[in-house]
Structures are given as structure tokens and as C-alpha cells.
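Novice: Residue numbers (the numbering used here): 21 to 239.
Just so you know, even glycine gets a beta-carbon here, dropped at the ideal spot from N, CA and C.
Keep in mind that this is a model prediction, so the values were computed, not measured.
What follows is a structure written as C-alpha cells; I'll ask about it next.
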Amino acid sequence: KEASVLNVVMGVNDDKLTKDHVICTAASCTTNCLAPVVKVIHEKIGIEKGMITTIHNVTGTQTLVDMCDTGKKQDLRRGRSGMVNLSPTSTGSATAIAEVFPELKGKLNGLAVRVPLCNGSITDCVFDVVRETTAEEVNRLLKEASETAPLKGILGFEDRPLVSTDFINDDRSSIVDAASTMVVQGKMVKIYAWYDNEWGYSKRMADLALKVAKDYLGA
21 KEASVLNVVM GVNDDKLTKD HVICTAASCT TNCLAPVVKV IHEKIGIEKG
71 MITTIHNVTG TQTLVDMCDT GKKQDLRRGR SGMVNLSPTS TGSATAIAEV
121 FPELKGKLNG LAVRVPLCNG SITDCVFDVV RETTAEEVNR LLKEASETAP
171 LKGILGFEDR PLVSTDFIND DRSSIVDAAS TMVVQGKMVK IYAWYDNEWG
221 YSKRMADLAL KVAKDYLGA
């Protein structure tokens with residue numbers, strides 16, 4: 021998390037990676053879900069500020085039964101059983117996005133809700149945007165971005181009425197749920213983006229390793 025370590029989100033800012041970056045990180049699964057959506061909306065419409073909530077599967081930082089949380093975060097909610105509770109907790113993804121889009125520093129924040137599922141998460145993105153738009157335009161922009169470089173294969177667009185299990189083993193970082201897109205009074209935009217927080221993120225880590233091997237190690 022040091023300033024010298026580049027947070028690389030494939031398809032979003034991997035073009036900034038150079039041989040001078042001795043250490044880099046693939047950010048987090050939620051940041052990889054959020055960043056492609058932010059990229060499209062910020063570049064095409066403009067983001068003034070926003071809030072995100074990631075509805076995230078249970079992870080190893082939680083427990084099977086209620087107990088005192090002994091982790092570094094000292095989060096009592098994470099000490100409650102992860103398999104029978106919805107647990108509000110922190111997420112670094114909304115603030116980490118400023119590492120990818122420095123101009124949005126201090127303008128995005130959010131929370132996580134850990135849910136008793138093993139896989140298949142969703143991020144709820146709400147943005148105040150610079151100019152007026154419509155749900156139709158937002159979906160069109162996201163769909164177009166999902167079909168062209170650099171986000172093809174990374175950002176997805178889905179207009180079928182699917183649920184979380186339908187996205188397990190989907191190797192895209194972020195899949196827009198088109199039917200859930202909303203715009204209020206022209207300048208408040210709400211987007212749902214699905215993601216497999218294990219498989220999709222693992223695929224991006226492999227993509228990053230391959231990029232480093234090809235571009236800088238001559239593999």
C-alpha cells in the first residue's frame with residue numbers, strides 16, 4: 021500500500037506499468053469490479069462523487085461461530101458467525117480507486133456487507149455525475165465498452181434476469197446488471213455490477229503476471 025507500489029487494474033490502468041515498478045499489486049477483487057465501471061462513467065459522463073456498497077461473500081477473515089475477532093482490524097462484526105449473518109464492515113475498494121483515478125481522491129467512499137454465501141458478489145455503485153444522462157445512455161456506454169478494447173473480456177454486460185450463482189466461474193472482473201441501472205433527476209446514477217470475487221480476480225492476477233513476463237522478462 022506504499023505510494024511507490026502501483027495498483028494495477030487490468031484494462032483500466034495497466035498501461036502505466038513500467039519496468040521501473042519493481043513491486044506492483046493487482047489491487048483487490050472489489051476494486052477490479054469497481055474500476056471498469058468508474059472508468060466508463062468518469063470518461064464518458066464525468067463523476068463528481070459517489071458511494072459504493074459491495075455485497076460480498078464470506079471470507080477467511082470471518083468466523084464460523086460467534087467469537088472475539090482477533091484480526092488486525094479488531095472488527096467485532098467480523099467476529100460474528102459469517103454463515104448466518106449479514107455483517108456490515110469496511111472495504112478499501114472505494115478509497116483504493118483513488119490510486120487508479122487520482123482526480124477522484126476524497127470523492128468516493130463506501131462499505132461492504134458480508135453475506136453468508138460462498139461465491140458470487142455484487143457491487144452497488146451510486147454516482148453523482150457532471151452532466152445529465154439517462155439509464156439508456158449509461159447502459160449503452162457500458163455495453164459498448166464491454167465489446168471493445170481495453171475492457172473487452174474484463175467488463176461484461178448482462179441484460180438477462182440472472183442471480184449470483186450464474187456468475188460463479190465467470191472470469192470477467194465486472195458484469196453490469198443492465199436491468200438494475202437507474203438514473204434519478206438526470207445526475208444520480210445507480211449501477212449494479214456482479215463479480216466472482218475468487219475466479220475473476222485470480223484471472224486478473226494471472227493476466228498481470230503474463231503481462232510482466234511478456235513485456236519485461238522476455239518470456
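Taking the beta strand (DSSP E) that Asn77 belongs to, which residues open and close that run?
Specialist: Translated into the one-based positions of the sequence shown, residue 77 becomes position 57. Start and end: 67-77.
Novice: Just the C-alpha distance for Lys36 and Ala46, rounded to the nearest angstrom, thanks.
Specialist: Here the question's residue 36 lines up with position 16 in the sequence shown. Here the question's residue 46 lines up with position 26 in the sequence shown. About 13 Å.
Novice: If we count the other Cβ atoms within 10 Å of its Cβ and call it buried at 16 or more, is Met30 buried or exposed?
Specialist: Along the sequence shown, one-based indexing puts residue 30 at 10. It is buried - the Cβ of Met30 has at least 16 other Cβ atoms within 10 Å.
Novice: Straight-line CA distance for Asn139 to Asp216?
Specialist: Working through the sequence shown from its first residue, we reach residue 139 at position 119. Working through the sequence shown from its first residue, we reach residue 216 at position 196. Each residue's alpha carbon lies about 6 Å from the other.
Novice: Measuring straight from C-alpha to C-alpha, what distance separates Leu128 and Asp197?
Specialist: Stepping through the sequence shown from its first residue, residue 128 is reached at position 108. Stepping through the sequence shown from its first residue, residue 197 is reached at position 177. Approximately 21 Å between the Cα atoms of the pair.
Novice: By Cβ distance, which residues of its chain are closer than 8 Å to Asp227, with the 5 residues on each side in sequence left out?
Specialist: Sequence index remark: in the sequence shown, residue 227 carries index 207 (1-based). Closer than 8 Å at the Cβ level, and outside the excluded window around Asp227, lie Met30.
Novice: Sort Val60, Thr154, Arg97, Asn189 by Cα distance to Gly208 and report the nearest one.
Specialist: Counted from its first residue, the sequence shown places residue 208 at position 188. The question names Gly, yet the displayed sequence has Met at residue 208. Measuring from the Cα of Met208, the nearest candidate turns out to be Thr154.
Novice: Under DSSP, the alpha helix (DSSP H) around Ile117 begins and ends at which residues?
Specialist: The sequence position of residue 117 within the sequence shown is 97, counting from 1. 113-120 is the span of the alpha helix (DSSP H), which, as asked, contains Ile117.
Novice: Going by CA-CA distance only, name the one from Glu123, Arg224, Ser184 that's closest to Glu63.
Specialist: Residue 63 sits at position 43 when you count from the first residue of the sequence shown. Here the closest residue by C-alpha is Glu123.
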